[in-house]
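Below is one structure, written out as structure tokens, with a few remarks after it.
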Amino acid sequence: MFGERSFELVKDVERQMTGCVTGVPTYDENGVRQVLDEMQLLFDQNQKDYNRIGQKVNQNDVTENLDVTMNSSTSTGAQGEAAGVYLRHTALERNKDCLLAYMSTRLERIRDLRWIKGSVLPEADQNNMTEQELQYFTDYNKILANYMRDIGVDGDFDGLDLTEHMEPPKSHMVYFKVLKEYGEFEPEDGKIIVLRKNCVHHLPKYQCETLIRQGVIEILTE
Amino acid sequence: MLVKHLRKDFYELLFGKRVLIIANFDIDSVCTVKILTELLKIDGISFSLCPVDGITAMKQAYSDYRETVSVFVLINCGIALDIRAFFDNLKNKLVFVLDYHRPVHVNNFYDETNQIRILSLDDNFDEGLDSDDDGDDDDESEIMDMGDSEDEDGSRRRGRKRKRRNEHDRERRRAVWKEKRNELLFEYTQFCYYAPPSSLVALELSWAISRGDIQYVWWTTVALTDALLLEKLPRSEYVQKSTELSLHIAREASTTETPRDCLKVNFEKDLCFLLYRHWNLYDSIKMTPHSACMLKSWSLKGEGRFHEMLGELGLPQVECHRKYASMDVRCRKKVERAFSEPVLRDKYNFNDVTVGTFISEIGFRPAFSAFDSHLACLALLENPVLNGSGNVVDNFLDSLAALSKKQFDTLDRGIGMAKTHLTAMYNQVKEFLSMNVVTPRGGFLYVQMPEGSPNVCYFRNTSFLVFLAQFTQRAAVSHVRNRRWSTLPLVLCAPHLSGYWVIVGIKPLSLELPKNLFGKLFETLAIKMTDGAVLMDFLDPHIVLVHGDHKDKFIQLLEACMV
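Going down the list, the protein sequences come from chains X and Z.
So the first sequence is numbered by UniProt numbering: it starts at 1 and just counts up by one.
So the second sequence is numbered by UniProt numbering: it starts at 1 and just counts up by one.
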């Protein structure tokens, strides 16, 4: 039956996605090709039938005035063929939808992987992807990086790593008190801060985790 | 330079910069810092906060951050200093000064490079200062103009002759001008006083950038209460400013929804007994300076009268000793009416016990008046436990935390400490009066706290020290019944850390306007003393530190001056 293979493909990809949460399943090249072959077949058939109907209709136009009864008998034949064309066309559409669903599910997963695994994917995942998918991943990477660099350019800090936080933070700044004499601290952006004991600061979240772990600063809660 | 537009000329300049806030140790600056930091946090502007308790600490904070910070905001400190000379190397820096101390140093007001900018809401900003310097600028330019025009015309000889005469003339005029300038400057700087609280400016700023919030108004009322309680503003001005604030409240209240846990602030007439809502009525009336002085509750006779009065008002002793919140409801309801009865005024000379103040409520928690919050914050700020270790910043942060509406436990702790502070203050005044240590010396009343007194630790910081001095003065005047005493200023001397004594001078009781001449006086005396004997480190000029060995000499000099 038409469309069976493509439905199989969709079911497969869904099964794979739920089975493996952090990774790209293997690209089912064989399945995709089979669906495409089927589609090619359907299309060719349709093309043939369509041409035939076209010819018949043309003939009908010529003989229209001559014989009405004959006309009716040929039109039933054309109708049967038209129904075939319609059926095949629907099957074609369905195959197309299934293929697109397959592709887009995979792309969605690839996009998610950028947020989970960072800008460089592991070898295993890369092997499971097609050439075009790899290209997509690189493009997406580029766009995201550009966007993150643009955030807050007119503000105090340049860019913000959006992938850093699982949940959106309430603020990109941190309000803390210095517990020990530390001296100069140079964050990523190179704007040096002097951390003197007992001073309170409100600064962008740099790598303050390290300072907290060292016991130099203490976050002040509101 | 005076900042004209708070948003354009101040707030918008802070974006993208790192700001250092240097804040003095008083309640007004706590409130101002609270408002300002909330605004900066919303806009994601990075800042550092350095609370300082003196001029040296202020300089230290500046030199620590000079390299890394380009915008400085001084809150309640620095306006009386020549900032350009005090902070060396001001290149590429901006200094905003938000200070309620007056007088303003002339060089700050007329800073040529516009790096020092003063934030103030006063329309008639220091009339004296304005007029005198405008005048002298004109004079000077006039002199210059004349010189120029003379150079240009006429033959050379006549020109030279004229030039000589002109020079002579110019010198004479300059001398006159200088004399006039000095005179005006002296007149201007003679008295130190306070402008309305800085929080009002911060509140105005929050409104100017459309970030008004009822909380900001509440914090400002706390700062305004500070000005009333410590007599930094005349009472009339308090009334005027509180009317302005109730307009703000009306505006904010109409725009915000009222869910159960939101802050509600009302302007109401309330009894002026300090902390009575969170204490018992008896102690509160006994220890509030205003009522204590009317009743003379420190003496045996006064206490008897006090009991009698409570009886006459129909308030049983048992109920008055109970916590106000757990008083009998019928009794509590009649308290307010009882204290407005005319018998009090006629028989006990006990009047003026209500004051217009702000009451805040959050959800179902007991109400807080602005006085309660103020005293709680002040007690946290001047917490004697941490003072010794020099860890003043924690006190400042505690005080800041007590203002926020989520940290009830800090506020409750503050209330508890405020009670201890008030009790200590009352006991100290009682001790002064029973030992008869308040003595007239020359042109002022002098009182010295004994060195071993257990209460010393509560009065190391400025606000409670001034409060104590004011209470002592009031109590002494009502105790002695000598009319002349009310026209005398008072000088209080208390032991401080490491061999130093802190000396504070306050204005005479009869003087309505809170103008204090001790600032200038102490300054002139300090010059006469040997080096290191007098430290003028406090940001209020009428409070100085004098070394124990030189204390008596200092007082003698003061006496000689005041006679």
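Where a beta carbon is used, it is the ideal one built from N, C-alpha and C, also for glycine.
Computed from a predicted model, the values in this text were never measured in an experiment.
- Taking 7 Å as the cut-off, the Cβ atoms of residue 6 of chain X and residue 98 of chain X count as close.
- Shown in chain order are the members of the region 195–212 of chain X whose Cβ falls below 7 Å from a Cβ of chain Z: 196, 198, 199, 200, 201, 202, 203, 204.
- Residue contact with chain X for residue 262 of chain Z: absent (no Cβ-Cβ distance below 7 Å to any residue of chain X).
- Using a Cβ-Cβ cut-off of 7 Å, residue 192 of chain X counts as an interface residue toward chain Z, since at least one Cβ of chain Z sits closer than that to its own.
- According to DSSP, residue 173 of chain X shares a beta bridge with X/204.
- For residue 220 of chain X against residue 177 of chain X, the beta-carbon gap comes to about 6 Å, under 8 Å, which counts as contact.
- Closest in alpha carbon position to residue 421 of chain Z, among Z/380, Z/240, Z/349, is Z/380.
- For the 7 Å CB-CB criterion, residue 129 of chain X and residue 24 of chain X form a contact.
- Along the region 72–95 of chain Z, none of the residues has a CB nearer than 7 Å to a CB of chain X.
- Contact annotation: the region 101–112 of chain Z touches the region 73–80 of chain Z, with at least three C-beta pairs closer than 8 Å.
- DSSP places residue 549 of chain Z outside any alpha helix (DSSP H), giving it a letter other than H or E.
- Close to chain X, meaning a Cβ-Cβ distance shorter than 7 Å, is no residue of the region 51–62 of chain Z at all.
- Nearest CB-CB separation between residue 64 of chain Z and chain X: below the 7 Å threshold.
- Taking a contact as a CB-CB distance under 8 Å, the pair residue 197 of chain Z and residue 28 of chain Z counts as one, their CB atoms being some 4 Å apart.
- Counting only Cβ-Cβ distances below 9 Å, residue 393 of chain Z has contacts in chain X at 177, 197, 198, 199, 200, in chain order.
- Residue environment for residue 166 of chain X: exposed (fewer than 16 other C-beta atoms within 10 angstroms of its C-beta).
- Within the region 42–69 of chain Z, the runs of alpha helix (DSSP H) at least 4 residues long that lie entirely inside it are, in chain order, 55–65.
- Three or more beta-carbon pairs separated by less than 8 Å are not found between the region 358–365 of chain Z and the region 326–344 of chain Z, which leaves the two stretches without contact.
- In terms of Cβ geometry, residue 238 of chain Z and residue 230 of chain Z do not form a close pair [threshold 7 Å].
- Excluding five sequence positions before and after residue 276 of chain Z, the CB atoms of its chain that fall closer than 6 Å to its own CB belong to 284, 324, given in chain order.
- Interface with chain X (7 Å Cβ-Cβ cutoff): residue 314 of chain Z is excluded.
- Using a Cβ-Cβ cut-off of 8 Å, residue 173 of chain X is close to 41, 44, 46 of chain Z, given in chain order.
- At a Cβ-Cβ threshold of 7 Å, residue 35 of chain Z and residue 216 of chain Z count as neighbours.
- Look at residue 68 of chain Z: its C-beta is under 7 Å from a C-beta on chain X.
- The region 447–462 of chain Z makes no contact with the region 304–312 of chain Z; the number of CB pairs closer than 8 Å stays below 3.
- Each of X/94, X/102, X/1 was checked against the Cα of residue 26 of chain X, and the nearest Cα belongs to X/102.
- Within its own chain, the residues whose Cβ lies closer than 7 Å to the Cβ of residue 51 of chain Z, once the five positions on either side in sequence are excluded, are 23, 25, 392, 393, 396, listed in chain order.
- Under the three-state reduction of DSSP output, residue 298 of chain Z falls in the coil class, being neither helix nor strand.
- With a threshold of 7 Å between beta carbons, residue 49 of chain Z makes contact with chain X.
- For residue 397 of chain Z, the chain X residues whose C-beta falls within less than 8 Å of its own C-beta are 177, 200, 220, listed in chain order.
- Its chain contains 270, 272 as the residues whose beta carbon lies nearer than 7 Å to that of residue 355 of chain Z, once the 5 sequence neighbours on both sides are disregarded; these appear in chain order.
- About 5 Å separates the Cβ atoms of residue 537 of chain Z and residue 55 of chain Z, confirming a contact at the 8 Å cut-off.
- For residue 33 of chain Z against residue 21 of chain Z, the beta-carbon gap comes to about 6 Å, under 8 Å, which counts as contact.
- Secondary structure at residue 514 of chain Z: coil, using DSSP grouped into helix, strand and coil.
- Listed in chain order, the non-local C-beta contacts of residue 9 of chain Z below 8 Å within the same chain comprise 3, 117, local neighbours out to five positions each way being set aside.
- Listed in chain order, the beta strand (DSSP E) elements of length 3 or more contained wholly in the region 224–306 of chain Z are 263–271.
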